[in-house]
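First residue of the sequence shown? That's 1 in my numbering, and the numbers climb one at a time after it.
C-beta: ideal position from N, C-alpha, C; glycine also.
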Amino acid sequence: MLVLNWHGIGDPPRDLDPGEARTWVPTASFESVLDAVADRSDVMITFDDGNVSDVEIALPLLLERNLSAQFFLPAGLIGEPGRLDESGIRKLTGTGMTIGSHGWAHRDWRRLRPVEVKDEYERAPEELGRITDQRIDIVAIPFGSYDRDVIGRLRDQDVRRVYTSDGGRTDPQQWLQSRFSVRRDTTAEDIRAMLAHRPAPRERMRRAAVMWAKRNRPTSGMGGFARE
Ligand SMILES: [Zn+2]
Numbered sequence: 001m002l003v004l005n006w007h008g009i010g011d012p013p014r015d016l017d018p019g020e021a022r023t024w025v026p027t028a029s030f031e032s033v034l035d036a037v038a039d040r041s042d043v044m045i046t047f048d049d050g051n052v053s054d055v056e057i058a059l060p061l062l063l064e065r066n067l068s069a070q071f072f073l074p075a076g077l078i079g080e081p082g083r084l085d086e087s088g089i090r091k092l093t094g095t096g097m098t099i100g101s102h103g104w105a106h107r108d109w110r111r112l113r114p115v116e117v118k119d120e121y122e123r124a125p126e127e128l129g130r131i132t133d134q135r136i137d138i139v140a141i142p143f144g145s146y147d148r149d150v151i152g153r154l155r156d157q158d159v160r161r162v163y164t165s166d167g168g169r170t171d172p173q174q175w176l177q178s179r180f181s182v183r184r185d186t187t188a189e190d191i192r193a194m195l196a197h198r199p200a201p202r203e204r205m206r207r208a209a210v211m212w213a214k215r216n217r218p219t220s221g222m223g224g225f226a227r228e
């Protein structure tokens with residue numbers, strides 16, 4: 001299974017955070033990737049950050065192709081400039097899309113202050129549950145930044161699936177799912193090549209070792225892992 005993850009599509013409607021521009025994808029290249037994967041049952045489509053482009057651009061293009069997707073929203077940013085509001089979120093659920101939590105205020109979960117923990121892990125899914133009238137039991141970790149403590153808290157929360165940004169393909173049965181972040185310069189050809197490529201055992205072992213290390217690294221470890 002390949003889990004693709006988008007952030008924003010089209011022209012950004014708000015000032016972007018540093019480094020965020022490379023995650024905004026032109027509409028035409030979004031469409032060409034969708035067309036490349038539309039009939040693949042081994043590809044899943046996800047969106048993070050709750051940008052208005054989820055509803056204004058992505059949703060109609062998904063529906064045209066009969067595709068469904070998961071949208072991970074930072075609950076504390078709902079209704080902020082450039083972000084989805086409650087009616088936009090209900091438009092997603094009303095058309096068969098799935099909502100998951102992306103925490104409260106888009107903070108790095110490895111560096112939370114104690115006072116922020118409850119908002120990020122508990123208040124966020126509760127608020128999304130209130131808006132959608134559904135139980136929110138899937139989570140995408142902000143910035144894909146996790147360690148032993150983050151994983152432990154998510155286990156305690158009874159979360160059904162957790163999505164990271166570790167790249168590559170994933171086993172759909174796993175609780176912790178790695179995703180590929182589609183970037184401004186990612187082409188449909190890149191995705192086709194990824195789907196055709198069978199990783200060598202050595203490559204698979206290396207990736208598994210990196211994920212194991214991230215899952216088990218202690219809190220406040222300032223290791224050299226790239227942030228997504
Ligand atoms: Zn995010």
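Query                                                                                                                : Result
CB contact flag (R217, D147, <8 Å)                                                                                   : yes
Whole-Å CB distance - V159 paired with V139, under 8 Å assumed                                                       : 5 Å
Helix, strand or coil at F225 according to DSSP, with G and I counted as helix                                       : Confidence at F225 is low in this model, with a pLDDT of 45, below 50, so its placement is unreliable and no value can be given for it.
CB-CB length for A105 against L77, believed under 8 Å                                                                : 7 Å
Nearest-angstrom Cα separation, counted from R111 out to M222                                                        : The predicted position of M222 is uncertain, since its pLDDT is 47 and thus under 50; a value taken from the coordinates is nonetheless stated next. One C-alpha to the other measures close to 10 Å.
Through-space distance from G144 to V150, alpha-carbon basis                                                         : 11 Å
Heavy atom of ligand 1 within 7 Å of D48 beta-carbon                                                                 : yes
V117 versus R192 - alpha carbon distance                                                                             : 39 Å
Between the CA atoms of R202 and S56 - distance to the nearest angstrom                                              : What sits at residue 56 in the sequence shown is Glu, not Ser. So the alpha carbons of these two residues sit roughly 42 Å apart.
Uninterrupted beta strand (DSSP E) stretches inside the region 76-140 (no shorter than 3 residues)                   : 98-101 and 138-140
H197 burial status per 10 Å Cβ neighbour count (16 or more: buried)                                                  : exposed
Beta-carbon proximity of D35 to A188, cut-off 8 Å                                                                    : yes
Status (buried if at least 16 other CB within 10 Å, exposed otherwise) for L154                                      : buried
Nearest candidate by alpha-carbon position, reference R179, set D156, A200 and P142                                  : P142
Contact check, R90 vs I131, beta carbons under 8 Å                                                                   : yes
Buried versus exposed call for L63 [16 or more other C-beta atoms within 10 Å across all chains shown]               : exposed
Inter-residue spacing [alpha-carbon to alpha-carbon] between A226 and L92                                            : Note on A226: pLDDT 43, under 50, position unreliable in the model; the coordinate value appears next. About 32 Å.
Reference P74; option with closest CA among R65, D85 and Q157                                                        : D85
Range of the contiguous alpha helix (DSSP H) that encloses R161                                                      : Run containing R161: none in the alpha helix (DSSP H); it sits in the beta strand (DSSP E), R161 to Y163.
Residue from R65, F72 and N66 whose Cα sits closest to the Cα of D48                                                 : F72
Neighbourhood of S68 by C-beta distance below 8 Å, restricted to the same chain and skipping five residues each side : I45, L62, G96, M97 and T98
Test item: CB-CB of L59 and M194 under 8 Å                                                                           : no
beta-carbon P18 near ligand 1 non-hydrogen atom, thresh 7 Å                                                          : no
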